[in-house]
Amino acid sequence: MKTLKTLLDRGELIVAPGVYDPISAKLAERAGFPVLYMTGFGTVAAHLGLPDAGLATYTEMVGRVAVIAGAVSVPVIADGDTGYGGLVNLRRTVQGYERAGAAGIQLEDQLFPKKCGHTPGRQVIAADDMADKIALACDTRQSDDFLIVARTDARTAHGLDEALERAAAYAEAGADILFVESPETEEEMARIASELGRPVLANMVEGGRTPLLGRDRLAALGFAMAIFPVTGLLASAAALERTYRTLAAEGSSAEAGLDLYPFAEMTRLMGFEEIWAFEKRWAR
């Protein structure tokens, strides 16, 4: 498996879809994506049925990291929120995410309990405190191939200049990838991509505060990575709603004309063929 660092060193834009369970991860890998992004919004929604508002615990999330990273052979960047507490908690979070198989962890400078990006009311901790978190994360990891993504949510409440100053401080503390959340214009995105001197990530959220740009434009601006954290989740929800409404109205899937993933293909995706081969080999 190519490491996330190796892929970044190519200098080409990496597009990473948001995944939130093993099925979405397997399908994303099958589609050819070289890197996956374990979305906090989607994972908390799918696993707990709750909003991404600081309600999920470290234990709940590290378990999801292990399940999702273990389901695929491509690197997975995992959302680690604020580190789930103070510095000693952050150390445990970094250790746990790395052991669970993540290729990198995203950490943000929000005040706990955090809020989902692109939603109102986000507050940030002191920049020096976050820089300490990033330095500790870098010191804690066992391998330099485990990358630290430093996110700042300062843009919405404090403006772009402060957000850029914070991102630069986090780079100085050792962050491998910088993530300035919720820029509101393409001009702001251009500044973020050009002024920081480190690989920079663009967060493409359908219905969010940031303009949705295409691959070529993001690459031209200088972004190293673009994540689409909720695209798969929103598509799945739309498909499920249509399917369940049709099933409720028709009372059967037999003649409803539903666009369904083939059952035989789902069994292959989930690894039934390996189980059948195992049982055949070891049957008495």
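If you read the sequence shown in the UniProt record's numbering, its first letter stands for residue 1, the second for the next number, and so on. Glycine is no exception: its CB is placed at the ideal position from the N, C-alpha and C atoms.
Q) My guess is that L136 and L90 are in contact by the Cβ rule of under 8 Å, so how many angstroms apart are they, rounded? A) Confirmed, Cβ separation roughly 6 Å.
Q.
Among Y97, L55, E108, A56, whose alpha-carbon lies nearest the alpha-carbon of V67?
A. With distances taken between Cα atoms, V67 lies closest to Y97.
Q: Indicate the three-state DSSP secondary structure (helix, strand or coil) for Y37 in the structure shown.
A: Reduced to three states, the DSSP call for Y37 is strand.
Q.
Using a 10 Å radius around the Cβ and a threshold of 16 neighbouring Cβ atoms, would you call F223 buried or exposed?
A. Around the C-beta of F223, 16 or more other C-beta atoms lie within 10 Å, and the residue is accordingly described as buried.
**Q.** Nearest-angstrom beta carbon gap, A167 and T152 [assumed within contact, 8 Å]
**A.** Taking C-beta atoms under 8 Å as the contact rule, T152 and A167 qualify, at a distance of about 6 Å.
Q: Compute the Euclidean distance between the alpha carbons of E255 and R268, then round it to the nearest angstrom.
A: CA-CA distance, E255 to R268, rounds to 25 Å.
Q. DSSP on E60, reduced to helix/strand/coil?
A. In this structure, E60 counts as helix in the three-state DSSP scheme.
Q. Contact check, L178 vs L160 under 8 Å by CB: the rounded distance?
A. About 13 Å separates the CB atoms of L178 and L160; that is not less than 8 Å, and the two are not in contact.
Q) Measuring CA to CA, which of G101, R245, L233 is closest to V72? A) Taking the Cα of V72 as reference, the smallest distance to any Cα among G101, R245, L233 is reached at G101.
Q: Determine the burial state of S253: buried for a count of at least 16 other Cβ atoms within 10 Å of its Cβ, exposed for fewer.
A: Classification of S253: exposed, given that the 10 Å Cβ count is below 16.
Q: Would you be able to state if there are at least three C-beta pairs under 8 Å between the stretch 77–88 and the stretch 32–49?
A: Judged by Cβ distances under 8 Å, the stretch 32–49 makes contact with the stretch 77–88, as three or more pairs qualify.
**Q.** Spatially closest choice to V124 from I23, K280, D109, D259, by CA coordinates
**A.** Ranking I23, K280, D109, D259 by Cα distance to V124 puts D109 first.
Q) With D107 and G83 assumed to form a contact (beta carbons below 8 Å), what rounded beta-carbon distance in angstroms separates them? A) Note on identity: in this sequence residue 107 is Leu, with Asp being the wrong assignment. Contact flag correct, Cβ pair sits at about 6 Å.
Q) How long is the line joining the alpha carbons of A283 and E274, rounded to whole angstroms? A) A283 and E274 have their alpha carbons spaced roughly 14 Å apart.
**Q.** N-terminal and C-terminal residue of the alpha helix (DSSP H) that A273 is part of
**A.** The sequence shown places Glu at residue 273, not Ala. If you look at E273, you'll find it in the alpha helix (DSSP H) that goes 272–282.
**Q.** Alpha carbon of residue 333 to alpha carbon of K114, nearest angstrom
**A.** Nothing can be reported for residue 333, as the shown portion of the chain is limited to 1 through 284.
Q | Own chain partners of L13 with C-beta closer than 8 Å, once the 5 adjacent residues on each side are dropped | A | So the qualifying residues of the chain are R215, L218, A219, F223, A224, M225, A226.
Q.
The alpha helix (DSSP H) that contains G222, what's its start and end?
A. Annotation for G222: no alpha helix (DSSP H) segment contains it, and DSSP assigns it neither H nor E.
Q | D132 versus A173: straight-line alpha-carbon distance, rounded | A | Cα to Cα, the separation comes out at about 7 Å.
Q. Helix, strand or coil for D21 per DSSP?
A. Here D21 carries a coil assignment [DSSP, helix/strand/coil].
Q: With DSSP as the reference, please indicate the residues paired to I105 in a beta bridge.
A: Paired residues: A78, I148.
(Q) Contact between the stretch 236–245 and the stretch 197–215 is defined here as three or more beta-carbon pairs at a separation below 8 Å; is this criterion met? (A) The stretch 236–245 is not in contact with the stretch 197–215.
Q: Classify W67 as helix, strand or coil using the three-state DSSP reduction.
A: According to the sequence displayed, residue 67 carries Val and not Trp. DSSP places V67 in helix when its eight states are reduced to three.
**Q.** DSSP-derived helix/strand/coil call for I177
**A.** Assigned with DSSP and collapsed to three states, I177 falls in strand.
Q: For M38, count neighbouring Cβ atoms within 10 angstroms of its own Cβ and tell me buried if that reaches 16, exposed if not.
A: With a threshold of 16 other beta carbon atoms within 10 Å, M38 meets it and is buried.
Q) What's the C-alpha gap between R155 and N203? A) For R155 and N203, the distance between alpha carbons rounds to 13 Å.
Q) What did DSSP end up calling I125 once you bin it into helix, strand or coil? A) DSSP places I125 in coil when its eight states are reduced to three.
Q | Bridge partners - L4, DSSP secondary structure assignment | A | According to DSSP, L4 bridges with nothing at all.
Q | Three-state secondary structure assigned by DSSP to F112 | A | In the three-state reduction of the DSSP assignment, F112 falls in the coil class, being assigned neither a helical nor a strand state.
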